[in-house]
Amino acid sequence: MIKISPSILSADFANLERDIARISAADYVHVDVMDGCFVPNITIGIPVVKAIKPTTSLPLDVHLMIVEPVRYVEQFCDAGADLVTVHVESDTEENTHRCIDLIHAKGKKAGIVLKPNTPAEAALPFLEKVELILVMTVEPGFGGQSFMENMMPKVRQLRAWINEKNPACELEVDGGVGPDTYKTCIEAGANVLVAGSAVYGAADIPQRIAELRG
Ligand code: DX5
Ligand code: ZN
766 MIKISPSILS ADFANLERDI ARISAADYVH VDVMDGCFVP NITIGIPVVK
816 AIKPTTSLPL DVHLMIVEPV RYVEQFCDAG ADLVTVHVES DTEENTHRCI
866 DLIHAKGKKA GIVLKPNTPA EAALPFLEKV ELILVMTVEP GFGGQSFMEN
916 MMPKVRQLRA WINEKNPACE LEVDGGVGPD TYKTCIEAGA NVLVAGSAVY
966 GAADIPQRIA ELRG
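For the sequence shown, the numbering used here begins at 766 and goes up steadily by one.
Next up, the structure:
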C-alpha cells in the first residue's frame, strides 16, 4: 500500500490547524524543518511541531534539513515527532548513528535522507537500523520544484537493498511528486510519497491524495 505524506510547507502557515485537517485522508504529516544553513531557507522548528501535534491523529514525519541534527533530535521527539529523518550530509557518519540511536531511545522511528548528489551507497551504513530512507527528488530547500527523474536508479537500488537487508524499512521520495510523476516513483520502488504543492494546490485535496496512492 502506498502512503502519502503531504508537506505542510505548501500549507497556509496562518491556518495550519485548518490545513492539517484538510489532509486527514493522508498517512503522515510531512514537516520540513530548515535552518538557513544546511539549506538556503528557514521554515519552522520545535515549537511548531509541538503546537501541531495535538491537532492531528496522523503521525508527524519530521524532515530535518539542519546542520548537526544530533543537537536537536531528542527535542523534536519530545515535541511530538513520530518519525525523524536526518540528512547523511549534515554530519559525520558517527553522529548520524548517534542521531538514529537517540531517536530510537525516545521510542520513535528514525530515517536517513539522501540529497540528489549523494549516492545510494551512502545509506548502507544505516540501512539495517532505520525505519525509513528518504530519497530527495529535488535539491532540498523549497517546495514547487521540478521532479528529478534521474533519481529513479537510486530509488531502484535502495529498494533492492531494502528488500534484501531490511524489508520492513520504508522508502520515501520527496520533491516534485504529483499527478505526472507519482507512478514513476511507485514503479521504482518508493512506498511513501511526499507531496506539497500537488496536494495543497489541488481543488479537491482528498481526491488528490487518493489519486497519488495509485
Ligand atoms: C523540499 C522539501 C519538500 C517540499 C516538497 O526541501 O523537503 O518536502 O516541501 O514540495 P513539493 O511537493 O511542492 O515539491
Ligand atoms: Zn521534505
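Glycine included, each C-beta is placed from N, C-alpha and C at the ideal position.
One Cα belongs to A844, the other to L977, and the distance between them is close to 29 Å. Just measuring C-alpha positions, the residue of T946, Y793, A885 sitting nearest I769 is Y793. Counting the other Cβ atoms within 10 Å of the Cβ of D797 gives 16 or more, which makes it buried. Judged by DSSP secondary structure, V900 falls outside any alpha helix (DSSP H) and instead within the beta strand (DSSP E) spanning 897 to 901. P834 has its CB no nearer than 8 Å to any heavy atom of ligand 1. Burial state of F778 is exposed, judged by a 10 Å Cβ sphere holding fewer than 16 other Cβ atoms.
Nearest neighbour of G810 by Cα position, chosen from E833, F841, K818, turns out to be F841. Contact annotation, G908 with S962: C-beta distance approximately 5 Å; criterion of less than 8 Å satisfied.
At least one heavy atom of ligand 1 lies less than 8 Å from the C-beta of A963.
Taking the CA atoms as reference points, V838 sits about 16 Å from K818. D856 sits buried, since 16 or more C-beta atoms from the chains shown fall within 10 Å of its C-beta. In the three-state reduction of the DSSP assignment, V853 falls in the helix class. Rounded to the nearest angstrom, the Cβ distance from C934 to E896 is 6 Å, consistent with a contact under 8 Å. In terms of side-chain proximity, the C-beta atom of L848 is found no nearer than 8 Å to any non-hydrogen atom of ligand 2. Cβ contact annotation for R973 (same chain, cutoff 7 Å, sequence separation greater than five): A963, V964, A967, in chain order. When the alpha-carbon of V835 is set against those of K871, V900, T861, the nearest one is in T861. Just so you know, the alpha carbons of I773 and F891 end up roughly 27 Å apart. At least one heavy atom of ligand 1 lies closer than 8 Å to the C-beta of H828. DSSP places D800 outside any beta strand (DSSP E), giving it a letter other than H or E.
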